[in-house]
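Mapping of the sequence shown onto numbering that gives the first Met the number 0: position 307 corresponds to residue 306, and the numbering continues sequentially without gaps. Where is the CB? At the ideal position from N, CA and C, for every residue including glycine. Values in this document were obtained by computation on a predicted structure and should not be read as measured data. Reading through the structure tokens given below for one structure.
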Amino acid sequence: MKYSIRFSISLLAAWLMIANIGLFAQNVNKQNFPVKKSANRVELALPQVNGYALLRCDFHTHTVFSDGLVWPTFRVYEAWKGGLDVLAITDHIEYRPYKKYSGDDLNASYEIALPVADELGIMLVRGTEITRKQGILGHFNGLFIKDANPINTPDPELSIKTAWEQGAYITYNHPAWALDTCLLTDFQNSMIDKGYVKGIEVFNNDEYYPRALSWCIDKGLGVYSASDVHACLADDFGIHGSGSARSEFRPMTFVFVKEKSLDAVKDAMFKGLTLAYFDGNVAGAEKLLASLFLASIKVEKLSQTAKQISCRFSNISGIPYNISIDNKKYTLDGKSAILINLGVGLKSVDCMVENMHCYEFKHPVVQLSL
Ligand SMILES: [Zn+2]
Ligand SMILES: [Zn+2]
């Protein structure tokens with residue numbers, strides 16, 4: 000009995016010693032840095048424009064379910080970190096090098112990404128890229144599709160029509176990618192004339208197509224800017240100081256909405272309420288550009304002499320504006336202000352916004368009241 004008690008006490012002491020070593024190891028020999036983990040979301044600041052919110056959207060990205068290099072949930076985290084409100088994963092129907100491993104269901108990338116998108120408050124658009132011979136038929140994104148699988152047909156027009164019959168918004172992608180110039184072939188024109196295609200990418204990854212902007216204006220089509228990212232976005236665009244630092248924010252399409260919902264986004268797109276943002280530039284319809292500029296800039300008279308009025312021009316948006324007043328050039332950085340001296344007696348000034356594009360090689364001139 001005595002022996003047994005002594006043995007039990009010894010066992011207890013040994014256990015306490017092991018437990019203490021365990022505690023000691025946890026406290027000293029394993030530490031986490033940084034102590035508090037936080038993902039750093041940075042948004043491009045945009046003003047309310049005439050009662051509309053501008054949503055930051057990328058309608059063209061890829062994952063390993065086509066020829067991208069990342070998993071669908073990675074695209075969503077990346078979108079969240081890069082300040083997006085709306086994301087579409089648009090894996091190629093016809094080009095899927097990892098098909099042997101990723102399977103045959105063309106909706107898989109959307110379905111994998113959706114729970115994470117919901118958790119992070121990113122509005123995820125179900126989409127796909129119809130990928131036919133560039134320069135003849137071209138590439139088209141079906142956005143807001145219901146099911147990507149029936150869109151997989153050999154006939155290119157039937158593919159586009161099937162997406163359209165699902166209520167899709169269809170864009171014609173990168174009109175000059177892998178070509179010397181922008182192309183609008185007979186097939187592409189017929190898809191626009193038949194009412195299937197409603198928008199064109201005027202910017203894709205690092206390519207700007209001024210001619211495509213003119214087509215959009217002349218034909219009443221929506222303008223789009225997309226990353227078309229395949230690898231890691233930070234390597235492509237240097238988001239927030241990482242990577243090659245080519246641009247602070249990814250290419251984005253701004254969509255003007257009255258409420259934050261996918262229905263409102265789709266409705267605005269069919270109404271042509273989009274602007275294309277790329278590398279500090281904004282392209283689209285003159286009226287929408289002017290309304291964004293006017294909502295971004297506040298002008299305040301500070302003092303007046305016999306010769307001049309001193310005015311403070313404040314930019315409340317994150318978009319840096321390059322402006323020209325009376326052939327004098329000024330840069331209005333995002334979220335900052337500059338002083339500009341103007342002639343006495345002026346009630347308004349005409350301001351050419353040189354990083355806004357309303358037609359090929361044409362900038363809007365916006366009247367600012369003083
Ligand atoms: Zn493409
Ligand atoms: Zn693509």
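- Remark: the C-beta of Thr-127 is outside contact range of ligand 1, defined as less than 7 Å to any heavy atom.
- Take the alpha-carbon of Leu-183 and the one of His-91: they are about 21 Å apart.
- Ala-294 has its alpha-carbon roughly 9 Å from the corresponding atom of Leu-45.
- Between Phe-186 and Tyr-195, the alpha-carbon positions lie close to 12 Å from each other.
- The shortest C-alpha to C-alpha distance from His-356 to any of Arg-311, Tyr-276 and Val-298 is the one to Tyr-276.
- In chain order, Cys-357 and Pro-363 place their CB closer than 6 Å to the CB of Glu-285, counting only its own chain and leaving out the 5 sequence neighbours on each side.
- The Cβ atoms of Phe-58 and Gly-166 do not sit closer than 8 Å to each other.
- Contact check between the region 158-175 and the region 292-310: fewer than three CB pairs, one atom from each, fall below 8 Å, which does not count as touching.
- Cβ neighbours of Ala-78 within its own chain (closer than 6 Å, five residues either side excluded): Leu-86 and Ile-121.
- In this structure, Asn-172 has its CB closer than 7 Å to one or more heavy atoms of ligand 1.
- With a cutoff of 7 Å, His-229 does not count as near ligand 1, since its C-beta is closer than that to no heavy atom of the ligand.
- Asn-204 sits close to Pro-250, with the two beta carbons spaced by under 8 Å.
- Ranking Val-63, Ile-318 and Ala-289 by CA distance to the CA of Asp-278 puts Ile-318 first.
- Assigned with DSSP and collapsed to three states, Asp-349 falls in strand.
- Rounded to the nearest whole angstrom, the C-alpha separation of Lys-193 and Val-256 is 27 Å.
- Under the 8 Å Cβ criterion, the region 309-325 counts as touching the region 346-356, having at least three qualifying pairs.
- In this structure, Thr-252 has its beta carbon at no less than 7 Å from each heavy atom of ligand 2.
- Judged by their CB atoms, Leu-232 and Ser-226 are nearer to each other than the 8 Å cut-off.
- The DSSP-derived three-state label of Asp-227 is coil.
- With respect to the C-alpha of Val-264, the residue from Val-124, Trp-70 and Ser-108 having the closest C-alpha is Val-124.
- The beta carbon of Glu-42 is closer than 6 Å to those of Gly-82 in its chain, skipping five residues each way along the sequence.
- Under the three-state reduction of DSSP output, Tyr-94 falls in the coil class, being neither helix nor strand.
- Per the C-alpha coordinates, the member of Asn-140, Ile-308, Val-48 and Glu-93 positioned closest to Tyr-171 is Asn-140.
- For Leu-261, the three-state secondary structure derived from DSSP is helix.
- Closest option to Thr-252, judged by alpha-carbon separation, among Leu-54, Arg-40 and Gln-47: Leu-54.
- Here the C-alpha atom of Thr-60 lies approximately 46 Å from the C-alpha atom of Leu-341.
- Counting the other Cβ atoms within 10 Å of the Cβ of Gly-344 gives fewer than 16, which makes it exposed.
- Under the DSSP assignment, Val-115 falls in the alpha helix (DSSP H) whose first and last residues are 107-119.
- Close CB contacts of Val-201 within its chain, under the 6 Å cut and outside five residues either way in sequence, are with Tyr-208, Ala-211, Leu-212, Val-222, Ala-275 and Ala-282 (chain order).
- When Cβ pairs closer than 8 Å are counted between the two stretches, the region 87-107 is seen not to touch the region 27-34, the count staying below three.
- For Asp-57, the pairing in a beta bridge is given by DSSP as Leu-86.
- Cβ-Cβ separation between Ser-368 and Lys-346: approximately 7 Å, consistent with a contact (criterion under 8 Å).
- Counting C-beta atoms within 10 angstroms of its own C-beta, Thr-130 has 16 or more neighbours from the protein chains shown and is therefore classed as buried.
- Boundaries of the alpha helix (DSSP H) harbouring Cys-215: 209-218, taken from the DSSP string.
- Within its own chain, the residues whose Cβ lies closer than 8 Å to the Cβ of Ile-169, once the five positions on either side in sequence are excluded, are Phe-139, Asn-140, Gly-141, Leu-142, Ile-159, Ala-162, Trp-163, Met-190, Tyr-195, Val-196, Lys-197 and Gly-198, listed in chain order.
- In the structure shown, the three-state DSSP call for Arg-131 is coil.
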